[in-house]
Structure formats: structure tokens, C-alpha cells
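Residue numbers (full-length UniProt numbering): 1 to 148. Every residue gets a Cβ at the ideal spot worked out from N, C-alpha and C, and that includes glycine.
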Amino acid sequence: IYPISYHLPLLCDYLAEAKDEKKPNRISPFSPEARVPLPSEIDENSYGTTVWKRNERERLRVRCVNDGYERLRDHLPLTENDRRISKVDTLRLAIRYIRHLDALLQNYDHWTKCDCFQTFQTESEERAERLRRIDRRKRASDDMSSTL
Numbered sequence: 001i002y003p004i005s006y007h008l009p010l011l012c013d014y015l016a017e018a019k020d021e022k023k024p025n026r027i028s029p030f031s032p033e034a035r036v037p038l039p040s041e042i043d044e045n046s047y048g049t050t051v052w053k054r055n056e057r058e059r060l061r062v063r064c065v066n067d068g069y070e071r072l073r074d075h076l077p078l079t080e081n082d083r084r085i086s087k088v089d090t091l092r093l094a095i096r097y098i099r100h101l102d103a104l105l106q107n108y109d110h111w112t113k114c115d116c117f118q119t120f121q122t123e124s125e126e127r128a129e130r131l132r133r134i135d136r137r138k139r140a141s142d143d144m145s146s147t148l
């Protein structure tokens, strides 16, 4: 198994070709033209352009990652109401779905007694509530320290 960074250039290239065939002038963030120069290679006149190019590459990278999540959501068993789940929940659901499909391959009867997804929504809601409580405690702590 290779780390995700190994597959990311291939995925981005695939997504760029599949989704943006009408935009042939896009530069892959992994191509040699998108290289970030070393500080010693930058002169004062090109600094603004270099920063702009770097920011543009980062925006392209983020768009590519977000497109990947959208494509992943398209293959998950989601209802229309669940389409806007977080990235973390998307990955968790993908893991469950892969395990579910594997269980189906291993045992056809799995389908009759499957409960792979029953707790997913509850777990996501509990996790969100936990994060809200932590955030409230942090804000209360910050308020107390600012009044001192």
C-alpha cells in the first residue's frame, strides 16, 4: 500500500482530464512549470508574480482535493439529505462502505443481517456535539482569561 501522496498526482491529473477537458490551458500543480523557485532565485521584480503563482497552485490543489471528495461522495450510499457531509465523515463512511462490500464478498448472507450503517449518523451527531462542547469550554476559558 502506497501513501496517498504517491497517488495524488495521478488522481489530480485524472480529475483535471476528466472534468476540465474544455480547459486545456490548466497547469497541473505537479508539473515542472509549477515549481516554486528557491529564495535565491527570486528577484524583487518577480516576487509578486511568484506569490500569485504559488497561491494559484494552492487554490488548484484545494479544488482538486475537493473534487476528489465530491467524486467519492458520488459513489457512497448517501441520500440527498446527506450529500453535504464533512470530509472526515466522507472518509469514515467510505471505510465502512468498503468493509461492507468486502463482507458481502466474503459472505452473501451478510446482506440479510447487515447493520454496517445503522450507527453512522448517531456517531457523527455525537462527535459534532462533543466538538461543540469543547468549543464552548474554550470560549468560556478565553473570556475568563481576557477579563483578568
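**Report entry** Whole-angstrom distance between R133 and A34, CA atom to CA atom
**Finding:** Here residue 34 is taken as the residue at index 34 of the sequence shown, counted from 1. Here residue 133 is taken as the residue at index 133 of the sequence shown, counted from 1. Those two C-alpha atoms are separated by around 43 Å.
Requested in this report: With a threshold of 16 other CB atoms inside 10 Å of the CB of P29, please say whether the residue is buried or exposed.
Outcome: Position 29 of the sequence shown, counting from 1, holds the residue named residue 29. Buried: at least 16 other Cβ atoms inside 10 Å.
Query raised in the report: Mind pulling the alpha helix (DSSP H) runs of 4 or more residues that sit fully within the segment 40 to 100?
Result: 47 to 74
Report task. Please confirm if the segment 55 to 64 is in contact with the segment 85 to 104, defined as three or more CB-CB distances below 8 Å between the two stretches. Result -> no
Query raised in the report: Per DSSP, what kind of secondary structure is P29 in: helix, strand or coil?
Result: One-based indexing of the sequence shown puts residue 29 at position 29. In this structure, P29 counts as coil in the three-state DSSP scheme.
Query raised in the report: Looking only at C-alpha atoms, which of R139, N81, R26 sits nearest to E56?
Result: In the sequence shown, the residue the question calls residue 56 occupies position 56. The residue with the shortest Cα to Cα distance from E56 is R26.
Query raised in the report: Can you check whether the CB of R99 is closer than 8 Å to the CB of C114?
Result: By one-based count along the sequence shown, residue 114 stands at place 114. By one-based count along the sequence shown, residue 99 stands at place 99. It is not a contact, given that the beta carbons lie outside the stated cut-off.
**Report entry** Cβ of L60 within 8 Å of any chain B Cβ
**Finding:** Absent from the structure: chain B. Only one protein chain is present.
Requested in this report: Check residue 149 in the structure and name its three-state DSSP category.
Outcome: There is no way to answer for residue 149, as the model of the chain reaches only from 1 to 148.
Query raised in the report: Would DSSP call R35 helix, strand or coil?
Result: Taking the first residue of the sequence shown as position 1, residue 35 is located at position 35. Residue state, collapsed to three classes: coil.
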